[in-house]
Each structure stands twice: as C-alpha cells, then as structure tokens.
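A.B. asks: So in full-length UniProt numbering, spot 126 of the sequence shown is number 126, and the numbers just go up one at a time.
For each residue, glycine too, the CB sits at the ideal point set by N, CA and C.
As the structure is a prediction and not an experimental result, all values here were calculated from the model.
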Amino acid sequence: MDQDRFDSLARRLAAGATRRDAIQALAVATVGLVAAVPAGTGAAAACREPGAPCRRGGQCCSGLCQGKKGRERCRRVPGQGICTIRNNVCRTNDADKSCGGAGLDSCGCFVTTAGRSFCALGALSEVVSCERDRDCAGQFGAGARCVRGGPSDCPDSPVCRPRFPDPLPA
C-alpha cells in the first residue's frame with residue numbers, strides 16, 4: 001500500500017463510519033466468508049448418483065468416475081448395494097452403517113482399497129490381510145473385496161471382506 005492510499009484510509013477511519021458504510025462492510029465480509037467456505041462441507045458434501053457428470057471417483061457415491069475425457073460420468077460398482085463412499089463404517093467410526101436397510105445388521109458399508117463403495121458381510125470369523133481385491137478371491141470368492149480398515153475397530157491395514165449376498169441393488 002502506497003503512502004497516499006494509506007493516508008486516505010486513515011482519514012476515512014478517523015472520520016467515523018456511517019450506518020450505510022457499516023452495512024456495506026458487513027455485506028462484503030459475509031460474501032467473502034461464504035466464498036471462503038471449503039468445498040465438501042454441508043450440502044456440497046453430497047455424493048453424485050450414477051449418470052451424473054464427474055471429474056474424479058471421490059465425487060461419485062460409488063467411488064467410480066468413468067468415460068471419455070471431458071465426458072466422465074459416475075457409475076455403479078458391483079457389490080455397492082445401497083452403500084456410498086460417504087456411508088462407510090470405518091470412516092464414520094459408526095457400526096450402524098448397515099447396508100441392508102431395515103433389520104439387516106449382518107452387513108456393513110466399506111470403501112475398498114480402490115476407493116469404491118462396497119456392501120460386505122459384517123462379522124468375520126477369520127481376518128485375512130490384503131493389498132488389492134484379487135488377494136481376497138481365493139479365501140472368500142470372486143465377489144470379495146479388499147477394504148480399508150478391518151474388523152470392528154477398523155485398523156489401518158486393509159482386510160478381505162466377502163460381498164453381502166444380493167438381492168440388494170447391484
């Protein structure tokens with residue numbers, strides 16, 4: 001700020017402000033605060049449904065954004081059920097994130113190591129560590145996925161989870 005602008009500002013502040021000046025300043029500050037709110041909070045945090053335009057998987061409820069460059073769309077993933085990447089047992093630390101709807105508590109919503117939403121069987125008698133989905137097929141079958149977090153306390157290391165059986169939405 002140069003000397004003349006500083007002097008002008010100092011004179012305006014010393015002269016006092018009118019109510020109109022105060023209201024204008026408040027309006028400008030409010031607009032500035034609204035513009036500064038980070039994306040991903042409030043309503044903006046809602047994920048996008050299949051068919052909606054996207055740029056990356058994290059915008060989609062399924063975690064999958066596919067298509068030709070500039071024409072990408074959110075897609076459903078196998079085993080997603082009614083789960084979304086926002087409705088994740090380990091992310092929210094909430095064991096009530098059931099993917100079976102009313103009365104089905106033997107499944108839970110997880111996010112795979114590939115970043116996809118997945119409805120998995122809840123309780124496991126055996127914990128198998130993994131790095132990717134293919135590590136799980138031998139133990140739990142072709143629909144199994146490697147999910148971030150594991151048993152009820154969701155440790156850092158990924159574990160295999162079998163897919164919850166249909167008839168949930170594919």
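Count the other CB atoms, across all protein chains shown, that sit within 10 Å of the CB of Gly-42; report buried if there are 16 or more and exposed otherwise.
C.D. replies: Bear in mind that the predicted position of Gly-42 carries a pLDDT of just 39, short of 50, making it too unreliable to give a figure here.
A.B. asks: Considering only C-alpha positions, which residue in the set Ala-120, Ala-114 and Arg-116 is nearest to Gly-108?
C.D. replies: It is Ala-120 whose Cα lies nearest to the Cα of Gly-108.
A.B. asks: Kindly indicate which residue of Phe-118, Thr-112 and Arg-116 has the alpha-carbon position closest to the one of Ser-129.
C.D. replies: Ranking Phe-118, Thr-112 and Arg-116 by Cα distance to Ser-129 puts Thr-112 first.
A.B. asks: Report the rounded CA-to-CA distance for Asp-133 versus Glu-126, giving the unit in angstroms.
C.D. replies: Distance between the alpha carbons of Asp-133 and Glu-126: 17 Å.
A.B. asks: For Gln-139, report the span of its alpha helix (DSSP H) as first-last.
C.D. replies: That run of the alpha helix (DSSP H) goes 137–140.
A.B. asks: Assuming Arg-71 and Ser-62 are in contact, meaning their beta carbons sit under 8 Å apart, how far apart are those beta carbons, in whole angstroms?
C.D. replies: No, Arg-71 and Ser-62 are not in contact; Cβ-Cβ is about 17 Å, not under 8 Å.
A.B. asks: What number of angstroms, rounded off, separates the C-alpha of Gln-66 from the C-alpha of Arg-145?
C.D. replies: Between Gln-66 and Arg-145, the C-alpha separation is close to 20 Å.
A.B. asks: By Cβ distance, which residues of its chain are closer than 7 Å to Asn-88, with the 5 residues on each side in sequence left out?
C.D. replies: If we look at Asn-88 and ignore the five residues flanking it on each side, its Cβ neighbours are Lys-97, Cys-109, Phe-110 and Val-111.
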